[in-house]
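Residue numbers (full-length UniProt numbering), protein chains in the order written: chain A, 1 to 474; chain B, 1 to 474.
This report refers to the structure that appears directly beneath it.
Number of protein chains: 2
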Amino acid sequence: MNLYQKIATELEKQIKNGTYRFGDRLPSVRKLHRETGLSISTVLQAMYLLEAKGLVEARPKRGYFVTYHPKQSAASPVIYHPTNKEGSEDIEEVIQQVYGQSDREDQHINFAVGVPSAKMLPIARLKKMVRETMLALPDACVHYESISGNAYLRRQVAQRTSLWGNGLSPDDLVTTTGCMNAVAIALMSITKKGDCILTESPVYFGTLQLAKSLGLKVQEMPTHGEYGLDLEEIKNTIKHDQIAAIVLVSNFSNPLGYCMSAQSKRALVKICTNHQVPLIEEDLYSDVYFGSERPLPCKSHDRDGIVLWCSSVSKTLAPGYRVGWIAPGKYKDSILKTKLYHQVASPSLSHEVVARFMDKGRYDNHLRQLRIALHHNLLKYLQIIQEYFPENTKTTFPNGGFLLWIELDPRIDTLQLYEPALNLGIKYAPGRIFTLRDQYKNCLRLSFGLDWNEQTATALTRLGLLLQHQLVNY
Amino acid sequence: MNLYQKIATELEKQIKNGTYRFGDRLPSVRKLHRETGLSISTVLQAMYLLEAKGLVEARPKRGYFVTYHPKQSAASPVIYHPTNKEGSEDIEEVIQQVYGQSDREDQHINFAVGVPSAKMLPIARLKKMVRETMLALPDACVHYESISGNAYLRRQVAQRTSLWGNGLSPDDLVTTTGCMNAVAIALMSITKKGDCILTESPVYFGTLQLAKSLGLKVQEMPTHGEYGLDLEEIKNTIKHDQIAAIVLVSNFSNPLGYCMSAQSKRALVKICTNHQVPLIEEDLYSDVYFGSERPLPCKSHDRDGIVLWCSSVSKTLAPGYRVGWIAPGKYKDSILKTKLYHQVASPSLSHEVVARFMDKGRYDNHLRQLRIALHHNLLKYLQIIQEYFPENTKTTFPNGGFLLWIELDPRIDTLQLYEPALNLGIKYAPGRIFTLRDQYKNCLRLSFGLDWNEQTATALTRLGLLLQHQLVNY
C-alpha cells in the first residue's frame, strides 16, 4: 500500500465507524500535512481517493466534507429462512416482463440489469485489442479450438490464481461460453433428472430456471445476508437427504451481495468433501472487491477436486463476448464430454482477445477503475436510500459486485409496485423472482452498475418516494 | 448461366455419361470456336472451369484431355439396413482416439477431419472484416445480445432464404453457438430423457453422443446412399412407436453425402406434419453444392412449423467462430428459453463479423471458390480410389460437401486397420463410429476438404495399397 492509500484507509475507517459523521469537515490538508509529516501532494491524493469513493466531497475554499451515511449498515437483513409454502405466482412471466426486452432498446432507468453500464467498460481499449489480435495472429482464429479451449486464456486465468496458495494450472481449466454456460455444463454432467440441488435463498433466478429446465428439484437453504449459507443446515440436509450438488455464489453473491468468510469457505468445502457432494461455485464478481484484496473462492480450499469453480468476464469486461471457464476438479472428463457434445468448441475469437487483454495487463488496469467507480456508486445509492426510502428499509452492504438487496416494510409488495414504477420510467428486479417459495415480496434487487448521474439519482429518489407513498396509503 | 458455363456444363455431362472417356482428347478450342460461334476466349474460360473441377487437364500444344473416371458411380452403395445386433465396441474410445487431439497439432494426413483445410478459408479477408467491424461499431460488441441473437446476422441469413419461395424472416431465426449447439438446444427443448429419436444409418457420431448424453434412445433407420432415409420405414415407425423427433442432414449428409430430392423432402415434411413429429434438420453443407444450384432444405416445404432448421458457417467459413442458427418453427418459445438458461446469449463479436461478411458479398465470393476447390478434390480422390483401392470398393458420389463414404470388401475391418494406417501417417474415420449397431466395419469416411497436393495424393494411394495388402493376406 502506498502512503496516500494508507492515510485514505485510516480516514475511511474513521468515517465508517462514526468518528467523522455525515456533513462533518475532515481535518484540513495543511493540518494533515503538518501532523503526519506527509507531503501536501500525498495528502491530496488520499483526499482524491476518498472523493472518488463517494465518501467525501470538496467544497471550494472550505475543505473536504463527509458525504457518507452509516445508518444502513445497522439495518441490514439478518438471516433468511425459506418458507415451506410454494409461491403461487408464475415467476417466469415476471422475469420475462423484466428481462424480455433487449437492454439497449430500453428507455427506462434500468436498475434490474445484471451488468455494469457501457460507460464503465473499456470499449476503446477492447477495440484496439481486437485489431491487435488480428494483426498478431496468422489464422484469424478460424479454427476449432481444442476441447479444453483456448490455451492462452487458460494460462492467463491460471496465472490469476497464483495468490491462492493452491493455484490452478491451465490443464485444470476448461473454457465455456460464459459463466452460466459453465454452470449448465456442470449440472448436465453431474446431475440427472429428478435429482435435488441445494442453493442459497434468495437465489439468482437464472439458477432456478436452469434447474427447472433440467428437471432438477431445488431446495433453498437458510442464508445470512452477511455470511451466506447456513452451514449447519447444509450439513444436516446432506446427511439426511440425497443431494446431487450445491450451487452458490461465494463472493458478492447475487442477489444478497454477501461474501463468505475464508473460514466458512473452508468449512463448506470440508463438508462437501466428507459427503462427496459436488460444489458448483459461481465466482464472477470477486474481481470487483471494495476491500483491500480480492476474496478467494471455495476452490482455493479444495484439495479433493470436489469444487467446480465457474467464472467469466461477463460482469466485469464484455458480457457479449461469452468468455467463461470452469475448473471442474475431478469431474473434468464428463465436463469435457458435455461441452463437446453440446457446442463442439468455444468461440475462438473473443476468447483470444480476452486472453490478450489479460496478458497485457489491461484487464487489471480496467478493474482498478471499475472497483472505484462501483464503490462510489454504492455509497451514493446508500445515501439516497437512507434519505428517501421508507423509515424501516433494510439494505445489504456489499463489499463488492454491483448488486444491492433491499428489504422493505412487510406491507409493501414489489410485484404490485412494478407497474407503477415502470410508469415512472424505472425498472427493478422484484424480490419474488429470487425464490420458488412464497416470500421476498417486500424485497427488491437494485444494480448499482449504472452511470451515476442526475437521472440515476432522480430515478432512485422517485422510487423511494413511490415506496413511501405506498406505505402511507396502506 | 454465362455462355462459358453453358458449354462447360454440356461438356461435363458428356464426360460423365461416357461420351468422352478417361484419356480422350476433347475437341480443340479452335474447333469449338468454329462450331459454336463462341469467341476463343469464351471457349477457353469453359476449359479453365473444367480444369479447375479436375475433369480435364491441359497438355502443352496437344489440347485438353479427360482425367475423370466414371467407374465409381456404378459401384456406389445402395441401401443400408441397420442390423438388430448392438455393437460391442466402445465407440467413445475410438472417437477419442481419432478426434481427441487438436487437429492443428496433428502431423498426420488427416482424412478424418470435419472441416475444410485452412488454405481453403478466406483468412485474410476475415481478418480485414474483423478490423472493419471494430472501426464501424461504436461499442465493440461488448453488450449482451437479445435472446434471439444478433439482428444483423438473422437478417442476412433470412435474405439467403429468399429463393425458397417460402423464405424466412429475421424473427423466424434464433442464433446459436454453431450448428451442433442448435441441435443440442432443439433436443433439450423438445425431448425428455427416455424418449426415442430416429436418425439416418450410418449417422454422424456427434448426434449419437449428444443423444446418449441427454438420455435419448436412438433408432437408426434404413438409409439409401443416394436418396437418404427410407420414407416408408419412417412412416411405419412413427405410426406404431412413440417418436419424439427425427434428426437428419438433408443436404450432402454426414457421412453418406447423399442429397434428398425435393420430392422426398416434401414427402418427409408431410409425414412429420401429419404425425406431429418434429423434424430437426441439420443443413450445414448445402452452401457447397457442385451442381448448378443450392439444394433447398426440408424447411422450405414446411408450412406448419414442424421443422427445426439448423445451420452454421462452421463447415464453410470459420469453424472456431461458433456462428450458427436455428429456425425453430412453432417451437421457438422453448428454444429461446433453453438458449437463455444455458448460455444467456450468443458470442456477439464473431456473429457480427460473419453478418458483415455475408452482407458485403464476401461469403458468396468465397463459396464460389470453395465449391470449385472441393469438387476438384472429390474428382482427384475418386481417380486415386479407382486406381489404387481394392477391386470391389464402393464409394458414394456426393454432389456437394466434402465427405466421402467408402464401402470395402466385407473381409476388411477398418477398426483393425486404423493403427497400421496411423503408422503410415494416415488418419481416417472408421465406419463403425457412425452407428450404435454392429456394422459398417468394412466402411470408412474420408474428408476431401484437404489441400490437394502430392502428400495428400501419396497418402491416399498408400491407404489404398494398405487395403489391398490386407485383402491379399486374408
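For every residue, glycine included, the Cβ atom is placed at its ideal position computed from N, Cα and C.
CA-to-CA distance, residue j to residue i, given in whole angstroms
i	j	result
S28(B)	A211(B)	56 Å
L231(B)	L268(B)	7 Å
D287(B)	E132(A)	32 Å
L417(B)	N254(B)	22 Å
Q72(A)	W405(A)	Legend: pLDDT at Q72(A) = 47, less than 50; position of this residue unreliable, no value from coordinates given.
A124(B)	H366(B)	12 Å
S88(B)	A112(B)	22 Å
K330(A)	K192(A)	18 Å
residue 489(A)	K31(A)	Here chain A covers residues 1 to 474 and nothing more, so residue 489(A) does not appear.
S250(B)	T199(B)	11 Å
P347(A)	R322(A)	8 Å
M358(B)	E352(B)	10 Å
I234(A)	M221(A)	7 Å
H376(A)	G324(B)	41 Å
F402(B)	P390(B)	22 Å
T176(B)	Q276(B)	25 Å
V313(B)	N423(A)	44 Å
Y388(A)	T461(A)	6 Å
L382(B)	S300(A)	57 Å
G206(B)	A136(B)	38 Å
Q470(B)	A355(B)	49 Å
G149(B)	Y341(A)	22 Å
R160(A)	R154(A)	10 Å
G37(A)	L466(A)	50 Å
P202(A)	Y440(A)	8 Å
T42(B)	G18(B)	24 Å
C298(B)	I271(B)	12 Å
T414(B)	V142(A)	31 Å
residue 517(B)	H33(B)	Chain B is shown from 1 up to 474; residue 517(B) falls before or after that span and cannot be answered.
G257(B)	D283(B)	12 Å
H410(A)	V78(A)	First, the amino acid is wrong: residue 410(A) is Pro here, not His. Computed Cα separation, rounded: 15 Å.
E454(A)	Q219(A)	42 Å
Q468(B)	K332(B)	52 Å
K380(B)	L370(B)	15 Å
Near the ligand FAD: residue i beta-carbon under 8 Å from a heavy atom
i	result
R432(B)	Looking at this structure, you won't find the ligand FAD or any other ligand, since it has none at all.
Neighbourhood of residue i by C-beta distance below 6 Å, restricted to the same chain and skipping five residues each side
i	result
V66(B)	I15, Y20, F22, D24, V56
R437(B)	P82, T83, G87
V94(B)	I433
L378(A)	F448
F252(A)	C259, Y285, P398, G400, G401
Beta-carbon proximity list for residue i, same chain, < 8 Å, skipping 5 on both sides
i	result
D451(B)	S117, K119, M120
L187(B)	I197, L210, A211, L214, L216, A245, V247, I280
E12(A)	L50, K53, L55
A318(B)	L121, L126, S350, V354
Cβ distance (whole Å) where residue i is taken to contact residue j below 8 Å
i	j	result
K427(B)	H108(B)	5 Å
V472(A)	I335(A)	Not a contact, Cβ separation roughly 54 Å.
R362(A)	M129(A)	7 Å
P430(A)	L446(A)	Not really, about 11 Å apart at Cβ, beyond 8 Å.
L45(A)	Y80(A)	The identity of residue 45(A) in the sequence shown is Gln, whereas the question assumes Leu. With a Cβ gap of about 41 Å, Q45(A) and Y80(A) do not count as contacting.
G464(B)	I412(B)	About 12 Å; that fails the 8 Å criterion.
I185(A)	I326(A)	7 Å
G115(A)	Y144(B)	Looking at the sequence shown, residue 115(A) is not Gly but Val. Yes, they are in contact, since the Cβ atoms of V115(A) and Y144(B) sit about 7 Å apart, within 8 Å.
T338(A)	D304(A)	In fact, because the Cβ distance is near 21 Å, the residues do not count as touching under 8 Å.
G178(B)	V344(A)	6 Å
Cutoff 7 Å; reference residue i; Cβ partners in own chain excluding five residues on either side
i	result
A140(B)	M134
R294(A)	S286, D287
Q156(A)	A355, M358, D359
D241(A)	C196
Minimum Cβ-Cβ distance from residue i to chain C less than 9 Å
i	result
V142(A)	The displayed structure is made up of protein chains A and B, and chain C is not among them.
Which ranges would you report for the alpha helix (DSSP H) in the region 185-243 of chain A if only whole runs of at least 4 residues count? 205-213, 231-240
Does the region 219-231 of chain B touch the region 258-265 of chain B, meaning 3 or more C-beta pairs lie closer than 8 Å? yes
Any chance the region 166-186 of chain A sits against the region 309-324 of chain A, with 3 or more Cβ pairs inside 8 Å? yes
List in chain order: all unbroken beta strand (DSSP E) runs of 3+ residues lying wholly within the UniProt domain "HTH gntR-type" (1-69) of chain A. 56-59, 63-66
Inside the region 305-345 of chain A only - alpha helix (DSSP H) runs reaching at least 4 residues: 332-343
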